[in-house]
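K.L.:
Protein chains in written order, with numbering that gives the first Met the number 0: chain V, 0 to 192; chain E, 0 to 366; chain G, 0 to 312; chain R, 0 to 129.
For glycine and all other residues, C-beta sits at the position ideal for the given N, C-alpha and C.
I have a structure here, written as structure tokens, and I will follow up with some questions on it.
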Amino acid sequence: MDNSDRRNQKNYRSLLQAMSRPGRVFRLDALGAVSSFAAAMAIGECLLDPEVSLCVIGNGGVSTLQAVLDGATQVRTESLKTADFIFVCGVRSQGGVRLAKRGRLEFPEEGATLVYCMDSLPAGASDRFRVRLTGPGITGKGGIAPEMRGVPVEEFQELMAVNADYPLGVDAFFVRPNGEVMALPRSTRIQVR
Amino acid sequence: MGYVAVKGGAAAIENAEKFSLARRAGGASALLKPEQIREQLHLAVDRVMGEGSLYAPDLAALAFKQAAGDTFEAAFILRSYRTTLPRLGYSEPIATSGMRVIRRISAAFKEIPGGQILGPTPDYTLRLLDFELQDESASRTRQRIRQLLQEVQLLDPLPERFPKVVEMLRREGLLVRHRHGSGDGDGLVDITRQALSFPAARSAQLQTLARGETGGLLALAYSNMRGYGSVHPVIGELRVGFLPVSYKNPGSGSVECIGEIQVTEAEVISRIAGAEGPAVFSLGYGLCFGHNETKAIAMAVLDRAMACEEPVAPSEDQEFVLTHVDGIESMGFCNHYKLPHYVTFQSELDRLRNIQIGQRPPEDTPS
Amino acid sequence: MKPSMPSKAIPPPADWRDSGPPARGHYSYAFLDEGAKREIRRKMLKAVAIPGCQVPFGSREMPIARGWGTGGLQLTLALIGPDDVLKVIDQGSDDSVNAVNIKKFVSRVTGVAVTTDTRAASLIQTRHRVPEEPLQPHQLLIFQVPIPEPLRLVEPSERETRRMHAEADYSRMWLYLYEDIVKFNEITVGARYPVLVNRRHLMDPSPIPRWDVAKLNQGQALCLFCAGREKRIYAVPPHTEVEPLSFDDFAFRAEGFGGRRCGRCGSTATYLDEVIDDAGGGRSYSCSDTAYCEKIRRRGGARGADGPGEGPA
Amino acid sequence: MLDRLWSLGEFRVQRAPRAGLVMLTVRDSFDTPFHLGEVLVSEAEVVFDGHSGCGTICGDEPERALLLAAVEAAEHSGRAAVLGDIGEFICRLEEKSSKERVRSSKLAAATAVRFESMKKETVDLGSLGG
Numbered sequence: 000m001d002n003s004d005r006r007n008q009k010n011y012r013s014l015l016q017a018m019s020r021p022g023r024v025f026r027l028d029a030l031g032a033v034s035s036f037a038a039a040m041a042i043g044e045c046l047l048d049p050e051v052s053l054c055v056i057g058n059g060g061v062s063t064l065q066a067v068l069d070g071a072t073q074v075r076t077e078s079l080k081t082a083d084f085i086f087v088c089g090v091r092s093q094g095g096v097r098l099a100k101r102g103r104l105e106f107p108e109e110g111a112t113l114v115y116c117m118d119s120l121p122a123g124a125s126d127r128f129r130v131r132l133t134g135p136g137i138t139g140k141g142g143i144a145p146e147m148r149g150v151p152v153e154e155f156q157e158l159m160a161v162n163a164d165y166p167l168g169v170d171a172f173f174v175r176p177n178g179e180v181m182a183l184p185r186s187t188r189i190q191v192r
Numbered sequence: 000m001g002y003v004a005v006k007g008g009a010a011a012i013e014n015a016e017k018f019s020l021a022r023r024a025g026g027a028s029a030l031l032k033p034e035q036i037r038e039q040l041h042l043a044v045d046r047v048m049g050e051g052s053l054y055a056p057d058l059a060a061l062a063f064k065q066a067a068g069d070t071f072e073a074a075f076i077l078r079s080y081r082t083t084l085p086r087l088g089y090s091e092p093i094a095t096s097g098m099r100v101i102r103r104i105s106a107a108f109k110e111i112p113g114g115q116i117l118g119p120t121p122d123y124t125l126r127l128l129d130f131e132l133q134d135e136s137a138s139r140t141r142q143r144i145r146q147l148l149q150e151v152q153l154l155d156p157l158p159e160r161f162p163k164v165v166e167m168l169r170r171e172g173l174l175v176r177h178r179h180g181s182g183d184g185d186g187l188v189d190i191t192r193q194a195l196s197f198p199a200a201r202s203a204q205l206q207t208l209a210r211g212e213t214g215g216l217l218a219l220a221y222s223n224m225r226g227y228g229s230v231h232p233v234i235g236e237l238r239v240g241f242l243p244v245s246y247k248n249p250g251s252g253s254v255e256c257i258g259e260i261q262v263t264e265a266e267v268i269s270r271i272a273g274a275e276g277p278a279v280f281s282l283g284y285g286l287c288f289g290h291n292e293t294k295a296i297a298m299a300v301l302d303r304a305m306a307c308e309e310p311v312a313p314s315e316d317q318e319f320v321l322t323h324v325d326g327i328e329s330m331g332f333c334n335h336y337k338l339p340h341y342v343t344f345q346s347e348l349d350r351l352r353n354i355q356i357g358q359r360p361p362e363d364t365p366s
Numbered sequence: 000m001k002p003s004m005p006s007k008a009i010p011p012p013a014d015w016r017d018s019g020p021p022a023r024g025h026y027s028y029a030f031l032d033e034g035a036k037r038e039i040r041r042k043m044l045k046a047v048a049i050p051g052c053q054v055p056f057g058s059r060e061m062p063i064a065r066g067w068g069t070g071g072l073q074l075t076l077a078l079i080g081p082d083d084v085l086k087v088i089d090q091g092s093d094d095s096v097n098a099v100n101i102k103k104f105v106s107r108v109t110g111v112a113v114t115t116d117t118r119a120a121s122l123i124q125t126r127h128r129v130p131e132e133p134l135q136p137h138q139l140l141i142f143q144v145p146i147p148e149p150l151r152l153v154e155p156s157e158r159e160t161r162r163m164h165a166e167a168d169y170s171r172m173w174l175y176l177y178e179d180i181v182k183f184n185e186i187t188v189g190a191r192y193p194v195l196v197n198r199r200h201l202m203d204p205s206p207i208p209r210w211d212v213a214k215l216n217q218g219q220a221l222c223l224f225c226a227g228r229e230k231r232i233y234a235v236p237p238h239t240e241v242e243p244l245s246f247d248d249f250a251f252r253a254e255g256f257g258g259r260r261c262g263r264c265g266s267t268a269t270y271l272d273e274v275i276d277d278a279g280g281g282r283s284y285s286c287s288d289t290a291y292c293e294k295i296r297r298r299g300g301a302r303g304a305d306g307p308g309e310g311p312a
Numbered sequence: 000m001l002d003r004l005w006s007l008g009e010f011r012v013q014r015a016p017r018a019g020l021v022m023l024t025v026r027d028s029f030d031t032p033f034h035l036g037e038v039l040v041s042e043a044e045v046v047f048d049g050h051s052g053c054g055t056i057c058g059d060e061p062e063r064a065l066l067l068a069a070v071e072a073a074e075h076s077g078r079a080a081v082l083g084d085i086g087e088f089i090c091r092l093e094e095k096s097s098k099e100r101v102r103s104s105k106l107a108a109a110t111a112v113r114f115e116s117m118k119k120e121t122v123d124l125g126s127l128g129g
């Protein structure tokens, strides 16, 4: 088993744990986390190939991330409305999330997967305690606050709106260059105080 | 060699394998070589290739030997071998009009331009056991073949191409132009990469039929022919021949012919399709690997049957047909009932006993 | 770049010879090519994100027959890595013929360690049973599934059942259970008891007995289901509500063994196999989860009704 | 044959021959493309004088794939002459298979049904009625 396959296998197991335990932080082997896109690359190499499509949005670094992901995975590029995967540079999608595909009632799984590529420094004081997550994979009646710091409340509200008529919706990963990853599947119920 | 007491199934499995080896190769006869199977049992090899959906005559012959002649098992072995090989690419779309024909007949007309070519067929022989074959003498058989070759030496070879009967009918406006009643948009689907969903695109339908199990396809098509369905087929044209495989060279990018594959193609014409629109004939199409006329005709009849607006009989219901003709799936599931089911049976016993007791036992077991 | 001119003296070895014919019998790690693994991995993530929803996938053919566990096997092969420890059971037993066959194949293409101890395993592939011992958060339980569609019992067409799931219209399944009660004063569904997951998707828990269904509710470990022949993947994440369909006046009931004990370890809190001893019809009972039964026996046998927790929680 | 080529010292195996699959795409009589199934092929890549050549051939034929790749690499480099009598060898191969084709074509021709038909005149298919 060559080491890139080995790394993809290990990273996939972390992504799977993250998706089955929303709001909890897990760790990716992000190859030394030198560049700010190392963790995004780790997810890209694990999941992307010519059978799926990608769209990169956000502020700053969009073209570099797009080029790097294309080169490494030969993933197809498509528009925001039809892409299977949407990588967001930074942590604000500026409403881009609302255009992502949410799947059809007969095939909800066609909804897009979002990957927020956050930068290492948490943006300002974290107001993660205003957010309450409940649903599959989350223990306790009252739910938990998202463990990942630096995700603005507005982005949670965006996902709340997009995933309002479950099972239609999108599934999101938040990832930091040091390899920290948190998932927020559409099945998670989000409340903001 | 003493038997190590291996707990449970392991020893049993190994001994079962050795027993079937003894069954296959324990006799006095000389062991079969795959090329003997490939050459002398070529129709079985064609069937295994078609149902295994992998054109590789030598490997199909090997699988047939390994499976001791069980075509289900042999096709299954080929299918799983496929999974171990990388998919290098897709061929350029091949038009079957370019087929190098060795057999070409039509039931729709007494004579067709290019002629009715019987080719290698036992169709008109009397099926009486030929006891001479019991100790067939190689020299006498070789001699008869050599003689035939000499006799035909003076004949002109067949023309490169033959006009298509359906093309002639289409030019006369007698044949339906486009295909209706097929899936949502006719994108080119590859069912080895995407699970079937219904209504299925025409490409998914034809691919599924092409890898279908001959007996299953025949039974369904036969039900339609006998009345459970409305197809009254006439074979517009049946061809057996070789298709060139054109493939874009990954290096130079030029399209090259990398070989030929033998196929059987059936085009079935049947009475007027839908009520609306000008009265025309409709068409069913069947194409499969190797020389397998039964399968090609059955495919064409089913292809036509599934075009019905309102499916009345099972053979006209696309979902019914496409989900039940794969031999690897059907044989696998049929045989899976041999697997232990004693836990589920225990659960059924529990239900039955409760029902017989008639009343519900007091609330003692935890819900 | 031009290759340097070879020295005249010794022509280079005919390197085409030692490139050798395509290696036979040599398979990539875990048999599946990376592309197949990626597709299965993507679809598993969607299945976990929408608990109970059947996700179609491009199922590959395996050297094991369709209907014999090719679905569970493909999940195991897409998940497994060198530091995993694998347990494979059928009807609860590690030595069952097909479980041995699958274990042999997986260790041949991965060299991974295998075990019979549920506690020691990181991946457990199972057919028709959930292990008696509660699972831990890091473990993955992978179910082999013959028929993924719970509504197949009442509707043969996939197109139709897909619509019923789209509209969460499960009325025909409720009707089926109700008719059972009217006819038999009992729900006759033994294994494959339909459950509602996350209050939205009706799901087929695979042919596990009703004894095991309760273990899926608010579990500790991620449960993954895969039907290879029918080409569907679905999942139940940990801490997720899984409710068997039942009526207020007709509660869901697990199998009962009338207080009988396992002949080997004495437990009364495990699912028992009924074995017919002799022609006369004499019966004896033993645990279906053979590895757990062995564990109790080595600990001196079960006293009274103790076991992994008084029967299925 | 390959030994002789490789003895020149300028051919190098870029990618060893491997068995692979090519999915066949065919058009039905409605001109709808569909995938008929896969064919086993052998593929190899050879470098000659800095030029690479790729050879693909149906069947389990690693050596023919290498040969085709070598021929293509040599042609790309413009020094096809180095192939020497390889060209004839390939022509002989092609000749042999085309002779087989002619033979089976003649065998088929011998099975053409000769109806004792009237003088040929064009058949007006339309007159046959709907």
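Who does residue 224 of chain G pair with in a DSSP beta bridge?
P.N.:
DSSP output for residue 224 of chain G lists G:142, G:233 as bridge partner(s).
K.L.:
Hey, is the region 27-41 of chain V in contact with the region 170-188 of chain V, meaning 3+ C-beta pairs nearer than 8 Å?
P.N.:
Yes, they touch.
K.L.:
Are three or more beta carbon pairs between the region 286-306 of chain E and the region 195-208 of chain E nearer than 8 Å?
P.N.:
The region 286-306 of chain E is in contact with the region 195-208 of chain E.
K.L.:
List the residues that DSSP assigns as beta-bridge partners of residue 37 of chain R.
P.N.:
Answer is E:53, R:22.
K.L.:
Reducing DSSP to helix, strand and coil, say where residue 214 of chain E ends up.
P.N.:
In this structure, residue 214 of chain E counts as helix in the three-state DSSP scheme.
K.L.:
Would you mind sorting residue 122 of chain E into buried or exposed? The rule is 16 or more other CB atoms within 10 Å of its CB.
P.N.:
Per the 10 Å Cβ criterion, exposed.
K.L.:
Which ranges does the beta strand (DSSP E) cover as unbroken runs of at least 3 residues, wholly within the region 206-286 of chain E, from first to last along the chain?
P.N.:
233-247, 254-271, all fully within the region 206-286 of chain E.
K.L.:
Assign residue 183 of chain E to one of two classes, buried (16 or more other C-beta atoms within 10 Å of its C-beta) or exposed (fewer than that).
P.N.:
Its pLDDT being 43, under 50, residue 183 of chain E is placed unreliably in this model, and the value from its coordinates should be taken loosely. By the neighbour-count rule (16 or more Cβ atoms within 10 Å), residue 183 of chain E is not buried but exposed.
K.L.:
Counting contacts by CB-CB distance shorter than 8 Å, is residue 61 of chain R in contact with chain E?
P.N.:
For residue 61 of chain R, the answer is no, since every Cβ of chain E falls outside 8 Å of its Cβ.
K.L.:
In its own chain, which residues sit with a C-beta less than 7 Å from the C-beta of residue 339 of chain G, not counting the 5 before and 5 after it?
P.N.:
Lying outside 0 to 312, the shown extent of chain G, residue 339 of chain G is not represented and no answer is given.
K.L.:
Since I believe residue 327 of chain E is in contact with residue 74 of chain E (beta carbons under 8 Å), could you give me their beta-carbon distance rounded to a whole number of angstroms?
P.N.:
Contact flag correct, Cβ pair sits at about 6 Å.
K.L.:
The beta strand (DSSP E) spanning residue 170 of chain V covers which residue range?
P.N.:
Unbroken beta strand (DSSP E) run through residue 170 of chain V: 170-174.
K.L.:
Are the beta-carbon atoms belonging to residue 193 of chain V and residue 84 of chain V less than 8 Å from one another?
P.N.:
This structure cannot settle anything about residue 193 of chain V, because the visible part of chain V is limited to 0 through 192.
K.L.:
To the nearest angstrom, report how far apart residue 36 of chain E and residue 231 of chain E are at their CA atoms.
P.N.:
The straight-line gap from Cα to Cα measures roughly 37 Å.
K.L.:
Quick one: measure Cβ to Cβ for residue 207 of chain G and residue 128 of chain G, integer angstroms, because I've assumed they're closer than 8 Å.
P.N.:
So it is a contact: roughly 6 Å between Cβ atoms.
K.L.:
Enumerate in chain order the residues of its own chain whose CB-to-CB distance from residue 91 of chain E is below 8 Å, with the five nearest sequence positions on each side excluded.
P.N.:
These residues qualify, in order along the chain: 245, 246, 247, 254.
K.L.:
Which partner residues does residue 294 of chain E have in the DSSP bridge list?
P.N.:
Looking at the DSSP assignment, residue 294 of chain E forms no beta bridge with any residue, so it has no partner.
K.L.:
Considering Cα atoms alone, identify which of R:31, R:41, R:33 is closest to residue 147 of chain R.
P.N.:
Given a span of 0 to 129 for chain R in the structure shown, any question on residue 147 of chain R remains unanswerable.
K.L.:
Give a yes or no on whether the minimum CB-CB distance between residue 161 of chain G and chain V is below 8 Å.
P.N.:
True, the Cβ-Cβ gap to chain V drops below 8 Å.
K.L.:
Which residue comes first and which comes last in the alpha helix (DSSP H) that contains residue 63 of chain V?
P.N.:
61-72 is the span of the alpha helix (DSSP H), which, as asked, contains residue 63 of chain V.
K.L.:
Which chain G residues sit within Cβ distance under 9 Å of residue 186 of chain V?
P.N.:
Here the neighbours are 47, 48, 49, 50, 197, 199, 236, 239.
K.L.:
Hey, out of E:308, E:347, E:209, E:153, whose CA is closest to residue 293 of chain E's CA?
P.N.:
Residue 293 of chain E has its Cα closest to that of E:209, out of E:308, E:347, E:209, E:153.
K.L.:
Does any C-beta atom of chain R lie closer than 8 Å to the C-beta of residue 94 of chain E?
P.N.:
Residue 94 of chain E counts as touching chain R.
K.L.:
I'd like to know whether the C-beta of residue 57 of chain R is nearer than 8 Å to at least one C-beta of chain E.
P.N.:
Taking Cβ atoms only, chain E reaches closer than 8 Å to residue 57 of chain R, which makes this a yes.
K.L.:
Going along the chain, which unbroken runs of the alpha helix (DSSP H) with 4 or more residues stay wholly within the region 146-195 of chain E?
P.N.:
If we require 4 residues or more, the alpha helix (DSSP H) runs fully inside the region 146-195 of chain E come out as 164-170.
K.L.:
When Cβ atoms are compared, which residues of the region 30-54 of chain V fall closer than 9 Å to chain G?
P.N.:
Residues 45, 46, 47, 48, 49, 50, 51.
K.L.:
Am I right that residue 105 of chain R and residue 154 of chain E are in contact with their C-beta atoms under 8 Å? What's the rounded C-beta distance?
P.N.:
Right, the Cβ-Cβ distance comes to about 5 Å (below 8 Å), so this counts as a contact.
K.L.:
What does DSSP give as the partner residues of residue 190 of chain V in its beta bridges?
P.N.:
Partner(s): V:131.
K.L.:
So which residues on chain V does residue 185 of chain G lean against when the C-beta distance must stay under 7 Å?
P.N.:
Here the premise fails: no neighbours, minimum Cβ distance about 32 Å.
K.L.:
Should the region 266-275 of chain G be called in touch with the region 339-347 of chain E, which here means at least 3 C-beta pairs below 8 Å?
P.N.:
Yes, since at least three Cβ pairs between the region 266-275 of chain G and the region 339-347 of chain E fall closer than 8 Å, the two stretches touch.
K.L.:
At the 8 Å Cβ level, is residue 12 of chain V part of the contact set with chain G, yes or no?
P.N.:
By this cut-off, residue 12 of chain V is an interface position.
K.L.:
Under 8 Å between C-beta atoms, does residue 12 of chain E make it to chain G?
P.N.:
So yes, residue 12 of chain E belongs to the interface.
K.L.:
With 16 other CB atoms within 10 Å as the buried threshold, where does residue 181 of chain E fall?
P.N.:
Residue confidence is low: residue 181 of chain E scores 45 on pLDDT, short of 50, so the model does not pin down where it sits. No coordinate-derived value is stated.
K.L.:
Pull up the CB-CB distance for residue 56 of chain G and residue 194 of chain E, whole angstroms please, since I reckon it's below 8 Å.
P.N.:
That pair is a contact at about 6 Å.
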